[in-house]
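Quick note on my numbering: the sequence shown kicks off at 3 and runs consecutively. Backbone N, C-alpha and C fix where the C-beta goes; we use that ideal spot for every residue, glycine too. Just so it is clear, the structure is predicted and the values come from calculations on it, not from any experiment. In what follows, a single structure is set out as C-alpha cells and then discussed.
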Amino acid sequence: MSNHRTYLSPLLALALLSAAQGAGATVIADTVLSFSGGVGFGVIDYSEGAYTGAVGNGVYDPLAVTSLDGAALALGGTHKEPGQIVMSFSGGSVVDGDGADIRVYDSINAPEGLFAEASLDGLTFFPLGLDNGLSSPFCSMRSPCAAEFDLGRSELEAASIFRFSVAGRIVLNYPQGFDLDAVEALSFVPAALDSGARALPIPEPAAVVLFGLGLLGARSRRPGARGLWQAPRWPGSLLNRALRS
Ligand SMILES: [Ca+2]
Ligand SMILES: [Ca+2]
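In C-alpha cells, the structure reads:
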C-alpha cells in the first residue's frame, strides 16, 4: 500500500470541507468536456418547463446534464460500445471525504448502471468503480435514483474531471443506458481554497488547524473566484507526489 494518500492531513481536509459545506449550496458539475453517445442516446425532458434545451432521440445538449431538473441525457450504448461522457467542475475540486464524494443522478424510469473514473488532467483516468443501478426500484424527477462513487477508491485525493460510461444494467431501446440528469459533488473545495492549499508543506497536525483557519480568513477577504476552468494545480502537485512515490 503506498503512503502518498496520507500526505494531506485529515484535519486540513476537515477545515477545508467545513468551509465548503458551510456555503450550503449544491455543487453541480457545470461543464461537459466530451460526449460520445452510444446507440439509443438522446435527451428526455420531464422537467415540467425548467429545462429549455433540445430534446429527442439522437439529440445531445449539454444543458440536459448541468442542472438537476428532471431533464436527462440517456448516454446510450451497449457493454461492447458504451456511451460515455466527460464532465468537470470548473469552480474547484471534488475531494475525498467520508464515504461517497460524487453522486450521479438518473431521473428517468428504471435505474441503470454506470462506471466512473476520475482525472486531474483529462488524460489519465483512475477508476472509481461500477454502480449497477440495481439499488433503486424506479427513478423520477421527484425521486431521482443516484449512483454514488468514492474518490477514496482511486489513487486520487482530489479531482475535478470525471468520466462516466454506460455499464452494468442497461435498458434497451431509446432512451438507452444511464439517463444522466446531473452530477453532484458531495465533498468539494472551491478553487480559491484549492490554490492556497497546494503550497502547503507536509504539516504537523497542530499547525494544520491554524493554517486551515488562516486560509478561511484569507478566503473571506479575497474578492471573486478564479475565472472559468483552470487546471487544478493543487491536485497536480499531489499527482506528482504520487508518481514519485
Ligand atoms: Ca470518499
Ligand atoms: Ca438535468
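As DSSP reads the structure, D181 sits in a beta bridge with A76. Relative to G40, the option among P84, I104 and Y48 whose CA is nearest is P84. By the criterion of at least three beta-carbon pairs nearer than 8 angstroms, the segment 38-57 is in contact with the segment 71-82.
For the pair E186 and G179, the Cα-to-Cα distance works out to about 19 angstroms.
Residue state for R165 is assigned as strand, using DSSP reduced to three classes.
Residue pairing by DSSP places M89 opposite V34 and F164 in a beta bridge.
Each of D98, I30, D103 and T80 was checked against the Cα of S69, and the nearest Cα belongs to I30. For P64, the three-state secondary structure derived from DSSP is helix. Ranked by Cα distance from I172, the first of V106, D103, H81 and L132 is H81.
If the five residues before and after F117 are omitted, its C-beta is found closer than 6 angstroms to the C-beta atoms of L132, S167 and A169, all from its own chain and listed in chain order. The beta carbon of D98 sits no closer than 6 angstroms to any heavy atom of ligand 2. Distance from the CA of G42 to the CA of V97, rounded to the nearest whole angstrom, comes to 33 angstroms. For L130, the shortest separation between its Cβ and any heavy atom of ligand 1 does not lie below 6 angstroms. For S121, the uninterrupted beta strand (DSSP E) run begins and ends at L116 to S121, by DSSP. DSSP, read as helix, strand or coil, puts R144 in coil.
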